[in-house]
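Just so you know, we're using full-length UniProt numbering here: the sequence shown kicks off at 1 and counts up by one.
Step one of this worksheet: look at the structure below.
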Amino acid sequence: MRLWPTNATATWWRRLRVMTWKELVQLMRDPLLLLFVVYAFSADIYNAAAGVTLQLNNAALAVLDMDRSAASRELAGRFLAPEFRQIGSAGHASTGQALLDKGDAMALLDVPPGFGASLARGEPAAVQMQIDASNSVQGFLTSVDAAQIVARFGLESAAARLGLGNATLDGPLIDNRVRVWFNPNQNDAWFMGISELLNVITLFSMLLPAAAMVREKERGTIEQLLVSPLGPLQIMLPKIVAMVAVILCGTALGLFGLLIPVFGVPVHGSLLLFLAVCTAYICTLAGIGILIATVTRNMAQAGMMVILILAPMMFLSGAWTPPEAMPAVMRALMYISPLYYFINASYGILLKGAGLLSLWPMIAGIVGLGLAVGVACTLRFTRQFG
């Protein structure tokens, strides 16, 4: 029994190593693509983590106070930073409407005449909050925060009129003890930073292998490779291996060079498990990238195909819309999106500290889709170039 590789096996691995190095050298000779990779794994992730928030901040508020009482002024004074930024008094209903129409104000607080007198008599008093909901998320957050402020003001006004003071309000009958797990401060930068890192990995896992193969077509070097002693697998596999190495380096840059030191993103789970999941996921999407290269002739076509596949993959990932809120048909299609499994596994490892026993369904989904894509990729590549 041989305990060392045969000459054929050694030759096969030597060719794989040489071809992988060739792919890396070719990538280094494309400064624009290389700069794009570095930018995406650094500045793009920073912008997403630092500039995108899921909370209401600095919403422009105009006040139309037709009552001009102490109660109306106190209510308007409750709309404070950081949620709201008052831009002044509207003066007239048409002025307030114009501010909303031009986008100068996000919301208009309309206090009608007699508001303070109604409160003093213990009668129902109404206020109107007009909100620009062209941005539905910001509009929803504005309405929720405004409703809480008005409700709190109403309770305090009723308690003051009854002579109860604030003691009763400060001691609720139900002690609601909320414990937030995994992100105690509800830091948006953690979620947005990791989400953007996973999206960037997804993009380049398809784009780089497709670009490497299409580059061979455009330069006419694919024919030279086909007449060489290399087999189809020895042509295809180095492109995947090289791009996996590049994307893993970019992942390390984004995670260890940015998210952890700058934004304090914790890593509660195993980094080795996370990198292993990343490797399996990158290989899966690299197979899709090779399939894209077999049906396209140039980089423009390959880029459009990547976008065509990337957009529904992100929509079906469950990151933007919870799976429970999706229609049944979309929820069924979600299970054929590798990004769905990758997002759940990554958040489970990084933020929740989950291990292999908890995440094996997600990892099995990535590996299963990877095997299916790998078989299809090999058959298609062998048929076209074999």
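Heads up, the beta-carbon is just placed ideally off N, CA and C, and yes, glycines get one too.
Just so we're clear, the structure is a prediction, and the values are computed from it rather than from any experiment.
For residue 109, no alpha helix (DSSP H) encloses it; the enclosing beta strand (DSSP E) starts and ends at 107-111.
Look at residue 381 here: in three-state DSSP terms it is helix. Apart from sequence neighbours up to five positions away, the residues of its chain that approach residue 15 with a beta-carbon distance below 7 Å are 230, 234, ordered along the chain. Buried is the label assigned to residue 346, since at least 16 other Cβ atoms lie within 10 Å of its Cβ. Excluding sequence positions up to five before and after residue 99, its CB lies within less than 6 Å of the CB of 62, 105, all in the same chain and listed in chain order. Bridge pairing for residue 61: 86, 107 [DSSP]. Proximity of the segment 22-29 to the segment 241-259 meets the contact definition, three or more beta-carbon pairs being nearer than 8 Å.
Inter-residue distance for residue 355 and residue 271 is about 11 Å (C-alpha atoms, whole angstroms).
About 14 Å separates the CB atoms of residue 198 and residue 315; that is not less than 8 Å, and the two are not in contact.
Annotated as distal: residue 84 and residue 253, with beta-carbon spacing of 7 Å or more. Taken through DSSP and simplified to helix, strand or coil, residue 129 comes out as strand. Spanning the alpha carbons of residue 369 and residue 152 requires a straight line of approximately 52 Å.
Only buried fits residue 251, as 16 or more other CB atoms lie within 10 angstroms of its CB. Nearest neighbour of residue 274 by Cα position, chosen from 194, 70, 80, turns out to be 194. Between the alpha carbons of residue 305 and residue 374 lies a gap of roughly 18 Å. Spanning the alpha carbons of residue 160 and residue 317 requires a straight line of approximately 50 Å. Put simply, the segment 209-228 does not touch the segment 72-81. Fewer than three CB pairs are less than 8 Å apart. If you look at residue 77, you'll find it in the alpha helix (DSSP H) that goes 70-77.
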